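One line per chain: the protein sequences are G and L, in this order. Remember, my numbering sits 359 above the position in the first sequence when you count from 1. Remember, my numbering sits 17 above the position in the second sequence when you count from 1. Structure first, commentary second.
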Amino acid sequence: MSPDDRDQLAAEFALGALSGPELAQARALAASDPRFRAEIARWSGRLSPLLEEVASVEPPAALWSGIERSLTGPAASGANVIQLRRRVGLWRGIAGGAMALAASLALVLVTRPPPAAPPAIAPVTVEAPAPMVAMLDDDAHDMKLVASWNPAQRRLMVAAASDIRPGPDHAHELWMIPADGKPRSLGTMPGPKMRATLDLPMASQLREGVTLALSVEPIGGSPTGLPTGPVVASGKLERA
Amino acid sequence: MQARYASALPSPAGVGFPPGPGWFIGVGMDRTVPESEPLAPTAASRELVPLLSGIAAGDRSALAALYERTSAKLYGVCIRVLPSEDDAQEVLQDVFLTVWRKAAMYDPAKASPITWLAVMARNKSIDRLRARSLGTNPLDAAANVADDSPTAFEVIEQNEERARLTSCLDQLDPQHSAMIRAAFLDGATYPELAQRQAVPLGTMKSWIRRGLSRLRSCLEQPVTS
């Protein structure tokens, strides 16, 4: 396929006119060829002002409550586990070959600290904070990591479930974005896996709903203390 | 470079806004304004940036506020593509759940929030439409589509952009530009368009290909005043 034909196919894909085998071909190219993706992006950018022409339509009032219910949060933990299992299944299906990681997630589910044995005298028991997990990915499904956070031990583990090697001149740096919206560095990824024990001030901010994100940085990490490169994957911490 | 990348993650309000007066003139945010009229500069679209930062940090009220302000526009985009209201509602729900998870990937240097959201709604709707016509599971189809990434389009949104696009479309054969609109906004494919216009498939393809090629030349011409 000539470069001109490729560009034409990218334009037709961005336009949305393709169907059947041509659509399949364009999808395959989009998944494997960054130049093809960039050409789609250019066309999508050229055409997107057309969306301003579309008339607004009020959605049914009940829709928001459905969205709100689907947000992961402090719901009953049983429901959360089911939801997580479903998501792990989906993620496993997409990621393929990430079985070991999926199994380690399942382990997180199984090894949740049991409720502390009731002390002989004090009737008040302090429940250990629940372990949490996050799936970090992008929407193109070519970056995938999984993070597990054990607040009781302040242990964070992050592992790549896809080939995420940065270029030779770059490193991947992990960030958390807590409630104040200010990214805090959790360090650069030494390889496909990272284990860290966080200090108390950092640990106290790493709570449910907080976003973990991976950015591309110079070797040695961001020189400014804030992300300087593009975010290539992100996900939210959820109760395991 | 620094400024652009620093804005890839939510930052305190005010940091990372692209320069220029027009970038925050978004898609028809204000439901009372007729869609065909360009919107006056408004703070509304700019206010969406801090909302996205809040969402990345897990703030549900920020998501609720974003929904309040953008759901009608986005539902309009979905319902235009999808014949089934149920599908349109599911896609809209999916858009907001994606935003909940992916708000950190929004890059204000690349697009206004409303463009980011509208493109996501449009792409997800097209995915659903194609999956329906193939009878496949939309989830499988969605996994194959690379272009709903927040980084998958590059546009600094300005009213001028739309004016320019409209003027370039107006220079095309009216039939060609009508087909380009129908494909992009209604999700109509080559075979559907050919049937609709009662022309051979090859004719429809060459109309649209010629139209796209001329459109690109026109858009790439340097602006002369």
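Think of the CB as a built atom: it goes at the ideal place given N, C-alpha and C, for glycine as much as any other residue. Predicted model, so just to flag it, every value in this text is computed and none were measured.
Nearest to residue i (by Cα), restricted to the options the options
i	options	result
G/Asp-528	G/Met-548, G/Thr-547, G/Glu-576, G/Gln-512	G/Glu-576
L/Asp-124	G/Gly-568, G/Val-590, G/Ser-563, G/Asp-392	G/Val-590
G/Met-516	G/Met-548, G/Met-502, G/Ala-555, G/Ser-361	G/Ala-555
G/Lys-595	G/Thr-587, G/Ser-581, G/Gly-588, G/Leu-565	G/Leu-565
L/Ala-73	G/Ile-536, G/Lys-503, G/Ala-599	G/Ile-536
L/Ser-230	L/Val-112, L/Leu-134, L/Asp-190, L/Leu-69	L/Asp-190
G/Arg-524	G/Leu-504, G/Pro-542, G/Asp-366	G/Leu-504
L/Thr-98	G/Ser-429, G/Val-413, G/Asp-539, G/Ile-426	One detail in the question is off: residue 98 of chain L reads as Val in this sequence, not Thr. Answer by Cα proximity: G/Val-413.
L/Arg-227	L/Pro-239, L/Ile-197, L/Ala-215	L/Ile-197
L/Met-137	L/Ser-150, L/Arg-147, L/Ala-148, L/Asp-111	L/Asp-111
G/Ser-521	G/Met-494, G/Trp-508, G/Leu-545, G/Pro-490	G/Met-494
L/Val-94	L/Trp-133, L/Met-122, L/Ser-142	L/Ser-142
L/Thr-206	G/Asp-366, G/Asp-558, G/Leu-374	G/Leu-374
G/Ala-562	G/Glu-417, G/Glu-398, G/Pro-418, G/Asn-509	G/Asn-509
G/Gly-526	G/Gly-588, G/Ser-507, G/Trp-534, G/Gly-540	G/Gly-588
G/Asp-496	L/Gln-106, L/Met-122, L/Arg-145	L/Met-122
L/Gly-71	L/Val-108, L/Ala-120, L/Gln-106	L/Ala-120
L/Ala-135	G/Glu-411, G/Met-360, G/Gly-425, G/Pro-560	G/Glu-411
G/Pro-362	G/Asp-392, G/Arg-428, G/Gly-379	G/Asp-392
L/Leu-146	L/Ala-199, L/Gln-188, L/Gly-204	L/Gly-204
G/Leu-545	G/Ala-383, G/Met-553, G/Ala-538	G/Met-553
Residues near residue i in its chain [Cβ-Cβ closer than 6 Å; skip 5 each side]
i	result
G/Ala-385	Leu-368, Phe-372, Leu-377
G/Pro-551	Ala-519
G/Leu-600	The shown model of chain G, from 360 to 599, leaves out residue 600 of chain G, and the question about it has no answer.
G/Met-548	His-531
G/Glu-398	Asp-366, Ala-369
L/Leu-68	Ala-79, Ala-82, Leu-83
L/Arg-149	none
Cutoff 7 Å; reference residue i; Cβ partners in own chain excluding five residues on either side
i	result
G/Ala-434	Note that G/Ala-434 scores a pLDDT of 34, beneath 50, so its modelled location is shaky; the value from the coordinates is reported in the next line. Cβ neighbours of G/Ala-434 beyond the five flanking positions: none.
L/Asp-164	The predicted position of L/Asp-164 is uncertain, since its pLDDT is 38 and thus under 50; a value taken from the coordinates is nonetheless stated next. Only Asn-140 meet the Cβ criterion.
L/Thr-49	Bear in mind that a pLDDT of 33 at L/Thr-49, under 50, signals an unreliable position, so the number given afterwards is only what the model happens to contain. Contacts found: none.
L/Val-216	none
G/Leu-557	Arg-513, Leu-515, Leu-565
Beta-carbon proximity list for residue i, same chain, < 8 Å, skipping 5 on both sides
i	result
L/Leu-236	Arg-181, Leu-182, Cys-185
G/Glu-381	Leu-368, Glu-371
G/Pro-586	Glu-532, Trp-534, Pro-542, Ala-572, Ser-574, Glu-576
L/Leu-65	Gly-43, Leu-83, Arg-86, Thr-87, Ser-129, Pro-130, Ile-131
L/Asp-76	none
L/Ser-223	none
Which residues DSSP lists as bridging residue i, in chain order
i	result
G/Ala-555	G/Leu-515
G/Met-534	According to the sequence as given, residue 534 of chain G is Trp; it is not Met. Answer is G/Ser-544, G/Ala-572.
G/Ser-593	G/Asp-496, G/Ala-572
G/Trp-508	G/Met-491, G/Leu-515
G/Lys-503	G/Asp-496
G/His-529	G/Pro-577
G/Arg-598	G/Met-491
Any C-beta of chain C under 9 Å from that of residue i
i	result
L/Ala-195	Among the chains of the structure shown, chain C does not appear; the protein chains present are G and L.
heavy atom of the ligand NAD below 8 Å from residue i C-beta
i	result
L/Arg-227	As for the ligand NAD, it is missing from this structure, which has no ligand bound.
Quiz prompt | Near-chain G residues of the segment 223-238 of chain L - C-beta to any C-beta below 9 Å | solution = Ile-225, Arg-226, Leu-229, Ser-230, Leu-232, Arg-233, Leu-236
Quiz item: At a Cβ cut of 8 Å, what residues of the segment 124-136 of chain L count as close to chain G, listed as they run along the chain?
Solution: Within the segment 124-136 of chain L, the residues whose Cβ lies closer than 8 Å to some Cβ of chain G are Asp-124, Ala-128, Thr-132, Ala-135, Val-136, listed in chain order.
Quiz item: Taking any Cβ of chain G, which residues in the segment 84-108 of chain L have a Cβ under 7 Å from it, in chain order?
Solution: Tyr-84, Ser-88, Ala-89, Lys-90, Tyr-92, Gly-93, Val-94, Ile-96, Arg-97, Gln-106
Practice problem: Could you tell me whether the segment 85-104 of chain L touches the segment 564-574 of chain G, where touching means 3 or more Cβ pairs closer than 8 Å? | Solution: The segment 85-104 of chain L vs the segment 564-574 of chain G: no contact.
Quiz item: Are the segment 578-585 of chain G and the segment 83-91 of chain L touching, with three or more C-beta to C-beta distances below 8 Å?
Solution: Touching, no.
Quiz item: Is the segment 391-407 of chain G touching the segment 127-136 of chain L, taking contact as three or more C-beta pairs under 8 Å?
Solution: yes
Exercise. Check each residue of the segment 177-205 of chain L: if its Cβ is closer than 7 Å to any Cβ of chain G, include it; give the result in chain order.
Key: Glu-178, Arg-179, Leu-182, Ile-197, Arg-198, Ala-200, Phe-201, Leu-202, Gly-204
Quiz prompt | Selection of the segment 518-529 of chain G by Cβ proximity to chain L, strictly under 8 Å | solution = none
Self-check item: Contact set between the segment 535-554 of chain G and chain L, restricted to residues whose Cβ is under 8 Å from the partner
Solution: Residues of the segment 535-554 of chain G that bring their beta carbon within less than 8 Å of a beta carbon in chain L comprise Ile-536, Pro-537, Ala-538, Asp-539, Gly-540, Lys-541, Pro-542, in sequence order.
Exercise. Compile a chain-ordered list of the residues in the segment 411-424 of chain G whose CB is closer than 8 Å to at least one CB of chain L.
Key: Glu-411, Glu-412, Val-413, Ala-414, Ser-415, Val-416, Glu-417, Pro-418, Pro-419, Leu-422, Trp-423
Exercise. May I ask you to list, following chain order, the residues of the segment 60-75 of chain L that have a beta carbon less than 7 Å from some beta carbon of chain G?
Key: Ser-70, Gly-71, Ala-73, Ala-74, Gly-75
Quiz item: Taking Cβ-Cβ distances below 7 Å as the criterion, which residues of the segment 388-412 of chain G are in contact with chain L?
Solution: Ala-389, Ala-390, Arg-396, Ile-399, Ala-400, Arg-401, Ser-403, Gly-404, Arg-405, Leu-406, Ser-407, Pro-408, Leu-409, Leu-410, Glu-411, Glu-412
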